[in-house]
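This report concerns only the one structure given below.
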Amino acid sequence: ETGVTQSPTHLIKTRGQQVTLRCSSQSGHNTVSWYQQALGQGPQFIFQYYREEENGRGNFPPRFSGLQFPNYSSELNVNALELDDSALYLCASGTLIAEFFGPGTRLTVL
Amino acid sequence: TQLLEQSPQFLSIQEGENLTVYCNSSSVFSSLQWYRQEPGEGPVLLVTVVTGGEVKKLKRLTFQFGDARKDSSLHITAAQPGDTGLYLCRGTSYGKLTFGQGTILTVHP
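Keeping their order, the protein sequence lines are chains A and B.
If you count by the working numbering, then the first sequence holds residues 1 to 110, one letter each, in order.
If you count by the working numbering, then the second sequence holds residues 1001 to 1109, one letter each, in order.
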């Protein structure tokens, strides 16, 4: 058990819609990162938040946005969904040295 | 763009054999983590290395961070079927977190 939970576990959306994925971590974790993982590939870094501010961003367009809240929860928002956005979305929280992953949200875009 | 080249991509071995997985980059990382991921689950942290030349051991697993902090290796001694899974390295550098492509390890009984 990593103490990191994600919701929902599975989600089906249609192209053009918007989606919000949620992550909850434990006390003392001051970072949260989000990743997109396609089947059979390593996770791709979307962005990291440190103490509620964006601390780094990967090569994802602006329609991928996020928030980190003071209560150790976080959101990943994706606007104007595309078919290629179908993937496992992973949240990881911890410190700048090490992060622990949640089980992921499987998003399917039809 | 930071790249973390992980090799080999696939590894299929017999129980009892030894193996090594490599992660190499031209970038310097402030820290590097190794994870193991089972299908349908999130990656599980195995180790974090932060000092150049550092060696850490976790039972039959030995992790090494290169002196220049650009590369790392994971060595498994006497592999067991329970070691089967996807092994991932992840480097941290200037706020960017980069994963290697992963190594799918299969250990046959």
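For every residue, glycine included, the Cβ atom is placed at its ideal position computed from N, Cα and C.
Which chain A residues are close to residue i, counting only those with a beta carbon under 9 Å from its beta carbon?
i	result
Gln1033 (chain B)	Ile97, Ala98, Glu99
Leu1088 (chain B)	Gly42, Pro43
Gln1101 (chain B)	Gln41, Gly42
Report the neighbours of residue i on chain B: residues whose CB is nearer than 9 Å to its CB, in chain order.
i	result
Pro103 (chain A)	Gly1040, Glu1041, Gly1042
Gly117 (chain A)	Here chain A covers residues 1 to 110 and nothing more, so residue 117 (chain A) does not appear.
What does residue i pair with, by DSSP beta-bridge criteria?
i	result
Tyr1035 (chain B)	B:Leu1045, B:Leu1088
Gly66 (chain A)	A:Leu76
Ala87 (chain A)	A:Leu107
Ile12 (chain A)	A:Thr108
Pro1104 (chain B)	The question names Pro, but residue 1104 (chain B) is Ile in the sequence shown. Answer is B:Phe1010, B:Leu1086.
Asp1071 (chain B)	B:Asn1024
Lys1057 (chain B)	B:Thr1062
Anything in chain B within Cβ reach of residue i, meaning under 7 Å, just list it in chain order.
i	result
Ser33 (chain A)	Leu1097
Gln36 (chain A)	Within chain B, no residue comes near Gln36 (chain A); the closest Cβ sits about 11 Å away, beyond 7 Å.
Gln68 (chain A)	Result: empty, since nearest Cβ-Cβ is about 14 Å, beyond 7 Å.
Gln48 (chain A)	Gly1095, Leu1097
Which chain B residues are close to residue i, counting only those with a beta carbon under 8 Å from its beta carbon?
i	result
Asn55 (chain A)	Gly1095
> Taking a cut of 8 Å between CB atoms, which residues from the segment 1042-1068 of chain B lie near chain A?
Replying inline: For the segment 1042-1068 of chain B, the set of positions with a beta-carbon nearer than 8 Å to some beta-carbon of chain A reads Gly1042, Pro1043, Val1044, Leu1045, Thr1048, Val1050 in chain order.
> Okay, do the segment 1017-1033 of chain B and the segment 19-32 of chain A touch, 3+ Cβ pairs below 8 Å being the bar?
Replying inline: The answer is no - the segment 19-32 of chain A does not touch the segment 1017-1033 of chain B, with fewer than three Cβ pairs under 8 Å.
>> Ignoring anything shorter than 3 residues, give me the beta strand (DSSP E) runs that lie fully in the segment 23-63 of chain A, in order along the chain.
In response: Within the segment 23-63 of chain A, the complete beta strand (DSSP E) runs of at least 3 residues are 31-37, 44-50, 53-57.
>> Taking beta-carbon pairs under 9 Å, can you tell me which members of the segment 81-96 of chain A lie near chain B?
In response: Sequence-ordered contacts of the segment 81-96 of chain A with chain B read Leu88, Leu90, Cys91, Ala92, Gly94, Leu96 [C-beta pairs closer than 9 Å].
>> I want to know whether the segment 5-17 of chain A touches the segment 1008-1018 of chain B - three or more CB-CB distances under 8 Å.
In response: Result no; under three Cβ-Cβ pairs closer than 8 Å.
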